[in-house]
Structure formats: C-alpha cells, structure tokens
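Numbering (the working numbering), first residue to last: 127 to 744. Every residue gets a Cβ at the ideal spot worked out from N, C-alpha and C, and that includes glycine. Working notes for the structure below.
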C-alpha cells in the first residue's frame, strides 16, 4: 500500500555555527459528473528548446538526492515521497507560492477582478449534492429547494504547451485528471476537490470551467484546475496501471528517463518545458537502504547532495546541526503546519467505567482558572528545554510564516500573576505542600486539591513532563496519563478525547489555514448521536466563534479571511478551550554549493522551483 499522508514543505535557510533554528511553519472522494468534451484543433508542435545555462564553467551540474522510494508517483495517490518527485516533472497549472498563487500552465491566475471567478445563486433540489459552511458534502432531501451560492472558475491554458514526448497539451488532459480524481481508489486533495465539483468541462480548445457544488466556497479556487494527465497515453487505463508507469510524460522542468526500483530514479531536462530551461543537467534520486539515524552520514560522505524531508525528519535534527556548524551542509528548516496544543476541558463527561449520571466538576470549568494555568506554561522555555525537538513557540493556530499571522501577546507567560489570580479565585496552598486547595470555591469542598489529569501519547512523554512541571510550579497537582494513540484517538466514547472525559490533553494538530479554525466549531463536538464525528474535544460552544470561523472558511478574499481568522482566534483566547504551545519543524539538508533553493511552506513539493537549482564551485 502507498503511504497516505499530507504533503510537508519547507521554507527558511539556516546556516552558521550555532544553527539557531528560526523555525517559521513548513503539509478527494469520487463523484459522478456529466461527461466533459474538448473541441478545437490541435496546436502545432513547437521546436525543441535551446538550453542556455548560466552555471559555473567546469562544474558538474549533476545533482544527487536521497529520499524514500514512493510506491507510486501520481497526484491521486498521496505520499510525501511522491509529492517531492512529482514537483520535478509534473507542473502545477497554478503553483502555490508564499501562500499565494503563480500562473504556470495557465495564462493568468483566475480572480474575481478578472471575471474568471464568479458566484451565483442556484436552486439545489432534492437529490442535489451541496456543501455546508464547513465544506462537508450532503444531499438535499425533501421537496423544498435550497437557495445556495455556487462558485464558478474559468481557467485558460497557455498556447503551445507540450508534453516531454512532444505531444501537444490539450483540455482533454485536464479532463482526464478530473476523471482520475473521481475514482474510488483516488485519494488526497484532488479527490476532495472532485467530491465538491458539480461540473468540470472544456469551454473551447484552451479554456476549462470548474463549477462547485452549491454552497461550496473556498479562497483556494486558483488551485482548482485538476492535474494535467497525458490522455494520449493513459486514456482508458486504470489508476493502478497509470501509477505503474515509471517513465510518464512530463510537463515540468525535468522528465524521468530511467527508474530502477529499489535503487534510483534518473531525470534529465525536459526540452519541451514551457518555463525557463533548467540549469541542472541531470538529477538522480537514490533510495538508500539505511537506518533512520544514519541518513546524515550520506551527505557527510558525499553519497547525496540533498536529503529530502521525509527521511531527514525520521530522527533528531542535532546530527544535521553538527554538520551545518562544521560548514559541511546547509540546513533548511521551517515550521510544519503541525501545532502542539494543550486542550482544557471545562465540563468533562463521566469516564466509561463510571455511571452515566456521575457528575464531574472540574476546576477548569472556570475560564479564569484556565487563563491562570495558561500563564504558568512557558512556551519559550519549553522549546529551549527540548533542543532535539527543535520546536518554535506558538501564540495561536496560524503558522508564523502565513500572511494572516499576527503575534498574539494576550496569554503571556507570567506565573506570578497566575498565582495571584488563583489565590483570588480561592485556590490557595493553605498547608504549604506545594498544591493549592479549594477555599470557598463553588462546587468544591474546602481543602479539595487542584488536581488534574493530563492525557498524551507516550511518544511525547518528555513534552508532557515539561508542561506538567510548569503547571505544578503554580500549585496544580498533575497526574500524567500516557495512553496508546489507538485508544486516545479512537473515534468513540472509549477515547477520552472523543468521549469528552479528559481534563487536560496534549496533542498535535494539523493547522491548515483556514480549515484549522473548524476544529472548535460547536457542530464539531463529537457525540454518540453524530457517530463521534468532530474535533472539538473540549466541547467549546460559542456563537461568536462559530460566526467568525464560518466567515473565514467561505471567504474568497484574503483580507476578509485574515480578519475573520483573527476574530476567531480572539474568541478562542477569551474562552481558552485550547492553549497553543509550539510548532513542530521539518527540515531538509543540502551541500553548501547548491544554489537556487527556495523552500516554501505553502508549496506542494520541496524542490518546487527545480529549474532554478544550480551547483556552484566548492
């Protein structure tokens, strides 16, 4: 089976003796649709491009990458290893760059201003698929029609586009991409998009129109052109057969010329590439058989010029840091869109071994207690105390390399102020044993200790211990409760998270913007009635938050989206069902003479600009 995980990408170069990692955030369902048709004459093939290289004379422009071998290379079979290879030979029609968009295979990025993007009101009648405010797909039932907005986006391909075998690119190639995204075995972001597509058709020989299902609005619409797939080669084939094609035609800077399974892939410049001619003469991707702790040796001994993120992140970054400090490598690091968070459940449910009518009263029911405890945790000290984790302090759910990021200071580390606040709330250490006890606190007997249980998976025990120590320094008694991930994240009432019977929980969260805010919507509270669906583990319920988040999710304008996200974060900071701690990094490593690297946290492949890479003299 192909590993199925989201793409993770990078963006900040870190060199120097101390290697201070300034880590700033590094990443379908089938639906039937009307048959689409393409019209128009085939363009005339263009002559082979002349490759002009501005590279150092006498320096070999052959680059060797070390990576994990993907089981298949297709945009419809998700894996990190496949994404990095796809970025070299399969060009995105519209490239994600710095959380914006850049036209590659299309004449322009579609926009509201150009008229390529419109919204219209449509009637959704019984049986019609539609999307709710969160983007979840439903079907209209009953006889009453719904009036919903529909998003329509038009894309225009550049003229004279060619596959690496010289075959002209046509709209049929995009339509094949749509067809493949709908297949039951397809997965990832393109299958998600296919599920939310009402129609995808060719308008003329170069233009395509995407129409969303009613109710589905998203600011990511520039990326809604399905991947071009060579219809002249793959029309009528299964996705499995296509995935087994090891030398597919290319639209990107490079093309695959040889693939030796278990050993390496070799790529050469694509002479029909529509962009600037690649500067490298050859790229070899090796698949070394080694242990996770030995990847750094492959760069040190000259076996690899680059180790890509998927293997590089299998172990601590410290061996890489030592090589960087010695000037043997350049280390590129970025904050992954994974944030470490501390959830605080104000009203925990009875545990599975307790009677259903058991009433649980938690100190966390008071938002002021939650605020006090948050002020006891030093996010900065947490990152410094765990150098092997290379964490970056977080202040909210938006990564610091995102355009919508705002440094938030409302929940600053201040244990003295937290102590005074707890005193005023009646939580005082009367007997001097280091643990606060209730004194005239509603719902608690006098002398009852400020005791809380912290759930987490064993793999992050050290992190949990540091958080617990900070909380205990303010007088809380913390019981550490490690739990196997299969139980902690089980989608049932047996899970303390989904069942809602935890008090404190330490967990990582994928912070894709703007979707990240959906994790605290009131309709995302998991319950037995909804089949334990949802990620709002702390049962946070706020009309103000719901309105702001839903506005962010449906915003087509970046400025409006940023304002809505900020309002949602404000509401979250006020109630504090969650306290954000740190961002996890990802990194990759290259030899110092590699130039042109532009890591980008928002891009879908680590070497998304491979045409600009070149090797300088040592």
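- DSSP state of residue 743, grouped into three classes? Taking the first residue of the chain shown as 1, we reach residue 743 at position 617. DSSP places residue 743 in coil when its eight states are reduced to three.
- Task: May I ask you to check if the CB of residue 631 is nearer than 8 angstroms to at least one heavy atom of the ligand NAP?
- Result: Among the components of this structure there are no ligands whatsoever, and the ligand NAP is therefore not found.
- How far does the beta strand (DSSP E) with residue 251 in it reach, from first residue to last? The residue you call residue 251 lines up with position 125 of the chain shown. Taken as a continuous stretch (DSSP letters only), residue 251 belongs to no beta strand (DSSP E), as it is neither H nor E.
- Query: Mind checking if residue 191 is an interface residue toward chain C, Cβ cutoff 9 angstroms exclusive?
  - Reply: Judged by its chain identifiers, the structure shown contains no chain C, having just a single protein chain.
- Taking DSSP as the reference, what is the three-state secondary structure of residue 345? As a position in the chain shown, residue 345 is number 219, starting the count at 1. Three-state result, residue 345: coil.
- Query: For residue 652, is the classification buried or exposed, using 16 other Cβ atoms within 10 angstroms of its Cβ as the cut-off for buried?
  - Reply: Reading the chain shown from its first residue, position 526 is the one you call residue 652. It is buried - the Cβ of residue 652 has at least 16 other Cβ atoms within 10 Å.
- Task: Give the straight-line distance between the Cα atoms of residue 506 and residue 643, rounded to the nearest whole angstrom.
- Result: To locate residue 506, count along the chain shown from 1; it is residue 380. To locate residue 643, count along the chain shown from 1; it is residue 517. The alpha-carbon atoms of residue 506 and residue 643 are separated by roughly 24 angstroms.
- Query: Given that a residue counts as buried once 16 or more other Cβ atoms are within 10 Å of its Cβ, and exposed if not, what is residue 221?
  - Reply: Along the chain shown, read from residue 1 onward, the residue named residue 221 stands at position 95. Here residue 221 is buried, its C-beta having at least 16 other C-beta atoms within 10 Å.
- Message: Just verifying my parser: in three-state terms, what is the DSSP assignment at residue 675?
- Response: Numbered from 1 along the chain shown, position 549 holds the residue referred to as residue 675. DSSP, read as helix, strand or coil, puts residue 675 in helix.
- Query: Quick one: what's residue 337 bridged to in DSSP?
  - Reply: Along the chain shown, read from residue 1 onward, the residue named residue 337 stands at position 211. Under the DSSP definition of a beta bridge, residue 337 partners with 278 and 325.
- Taking the C-alpha atoms as reference points, what is the distance between residue 307 and residue 208? The residue you call residue 307 lines up with position 181 of the chain shown. The residue you call residue 208 lines up with position 82 of the chain shown. About 16 angstroms.
- Item | Reduced DSSP category for residue 238 - H, G, I as helix; E, B as strand; rest coil | In the chain shown, the residue the question calls residue 238 occupies position 112. Taken through DSSP and simplified to helix, strand or coil, residue 238 comes out as coil.
- How many Å lie between residue 450 and residue 607 at the Cα? The residue given as residue 450 occupies position 324 in the chain shown. The residue given as residue 607 occupies position 481 in the chain shown. Roughly 38 angstroms separates the two Cα atoms.
- Message: Among the candidates 660, 518, 447 and 417, whose CA atom is the shortest distance from the CA of residue 440?
- Response: Here residue 440 is taken as the residue at index 314 of the chain shown, counted from 1. Comparing Cα positions, the closest option is 417.
- Task: Measuring alpha carbon to alpha carbon, tell me which of 204, 425, 322 and 200 ends up nearest residue 255.
- Result: Position 129 of the chain shown, counted from the first residue, corresponds to residue 255. When each option's Cα is compared against that of residue 255, the closest is 322.
- Task: Give a yes or no on contact between the region 684–696 and the region 713–723, applying the rule of three or more CB pairs nearer than 8 angstroms.
- Result: Using a Cβ-Cβ distance cut-off of 8 angstroms, the region 684–696 and the region 713–723 are not in contact, since fewer than three pairs of beta carbons, one from each stretch, lie closer than that value.
- For residue 519 and residue 510, the rounded distance between their alpha carbons: Position 384 of the chain shown, counted from the start, is the residue given in the question as residue 510. Position 393 of the chain shown, counted from the start, is the residue given in the question as residue 519. Approximately 9 angstroms between the Cα atoms of the pair.
- Straight-line Cα distance separating residue 571 from residue 558: Residue numbering aside, residue 558 sits at position 432 when the chain shown is read from its first letter. Residue numbering aside, residue 571 sits at position 445 when the chain shown is read from its first letter. Using only the alpha carbons, I get a separation of about 18 angstroms.
- Where do the ends of the alpha helix (DSSP H) carrying residue 691 lie? Against the chain shown, residue 691 aligns to sequence position 565. Per DSSP, the continuous alpha helix (DSSP H) segment holding residue 691 begins and ends at 684–701.
- To the nearest whole angstrom, what separates the beta carbons of residue 579 and residue 629, a pair I think is in contact under 8 angstroms? For the purposes of this step, residue 579 is taken as the residue at position 453 of the chain shown. For the purposes of this step, residue 629 is taken as the residue at position 503 of the chain shown. Cβ atoms of residue 579 and residue 629 come within 8 angstroms of each other, at about 5 angstroms.
- Would you please state the rounded distance, in angstroms, between the beta carbons of residue 262 and residue 398? I believe it to be under 8 angstroms. Your numbering for residue 262 matches position 136 in the chain shown. Your numbering for residue 398 matches position 272 in the chain shown. 41 angstroms between Cβ atoms; not a contact.
- Task: Return the chain-ordered list of same chain residues with a C-beta closer than 6 angstroms to the C-beta of residue 278, the five sequence neighbours on each side being excluded.
- Result: What you label residue 278 is simply residue 152 of the chain shown in a count that begins at 1. Correct list, in chain order: 244 and 337.
- Query: Are residue 348 and residue 199 touching if we call contact CB-CB under 9 angstroms?
  - Reply: Locating residue 348 in the chain shown gives position 222, where the first residue counts as 1. Locating residue 199 in the chain shown gives position 73, where the first residue counts as 1. At a Cβ-Cβ threshold of 9 angstroms, residue 348 and residue 199 do not count as neighbours.
- Counting only runs that start and end within the region 532–581, where is the beta strand (DSSP E) found for 3 or more residues in a row? Runs found: none.
- Message: Taking its Cβ as the centre, do 16 or more other Cβ atoms sit within 10 Å of residue 587, making it buried, or is it exposed?
- Response: The residue labelled residue 587 in the question sits at position 461 within the chain shown. Within a 10 Å sphere around the beta-carbon of residue 587 sit fewer than 16 other beta-carbons, which makes this residue exposed.
- Around the Cβ of residue 265, are there at least 16 other Cβ atoms within 10 angstroms (buried) or fewer (exposed)? Here residue 265 corresponds to residue number 139 of the chain shown, with the count starting at 1. By the C-beta density criterion, residue 265 is exposed, having fewer than 16 other C-beta atoms within 10 angstroms.
- Give the DSSP-derived three-state secondary structure of residue 624 in the structure shown. Looking up residue 624 in the chain shown gives position 498. It is coil, neither helix nor strand.
- Once you ignore the five residues that flank residue 358 on each side, which residues in its own chain have a CB closer than 7 angstroms to its CB? Numbered from 1 along the chain shown, position 232 holds the residue referred to as residue 358. 293.
- Quick one, are the C-beta atoms of residue 582 and residue 632 less than 9 angstroms apart? Translated into positions along the chain shown, residue 582 becomes position 456. Translated into positions along the chain shown, residue 632 becomes position 506. In contact: residue 582 and residue 632 (Cβ atoms closer than 9 angstroms).
- Item | Status (buried if at least 16 other CB within 10 Å, exposed otherwise) for residue 656 | Taking the first residue of the chain shown as position 1, residue 656 is located at position 530. Classification of residue 656: exposed, given that the 10 Å Cβ count is below 16.
- Task: Check whether the Cβ atoms of residue 433 and residue 193 lie closer than 9 angstroms to each other.
- Result: Here residue 433 is taken as the residue at index 307 of the chain shown, counted from 1. Here residue 193 is taken as the residue at index 67 of the chain shown, counted from 1. Taking 9 angstroms as the Cβ cut-off, residue 433 and residue 193 qualify as a contacting pair.
- Item | Contact between the region 326–344 and the region 270–277 (3+ Cβ pairs under 8 angstroms) | Yes: at least three Cβ pairs fall under 8 angstroms.
- Taking C-beta to C-beta, are residue 697 and residue 677 nearer than 9 angstroms? Working through the chain shown from its first residue, we reach residue 697 at position 571. Working through the chain shown from its first residue, we reach residue 677 at position 551. Taking 9 angstroms as the Cβ cut-off, residue 697 and residue 677 do not qualify as a contacting pair.
- Message: Output needed for residue 175: all residues of its chain with C-beta closer than 8 angstroms, excluding positions within five of it in sequence on either side, in chain order.
- Response: Indexing the chain shown from 1 puts residue 175 at position 49. Here residue 175 scores only 34 on pLDDT, less than 50, and its place in the model is too uncertain to base an answer on.
- Kindly give me the distance between the Cβ atoms of residue 239 and residue 230, rounded to whole angstroms, as I take these residues to be in contact under 8 angstroms. On the chain shown, position 113 is the one that residue 239 refers to. On the chain shown, position 104 is the one that residue 230 refers to. The beta-carbon distance between residue 239 and residue 230, rounded to whole angstroms, is 20 angstroms. This is too long to meet the 8 angstroms contact definition.
- Query: Thinking C-beta only, is residue 732 closer than 9 angstroms to residue 429?
  - Reply: Locating residue 429 in the chain shown gives position 303, counting from the first residue. Locating residue 732 in the chain shown gives position 606, counting from the first residue. At the C-beta level, residue 429 and residue 732 stay beyond 9 angstroms of one another.
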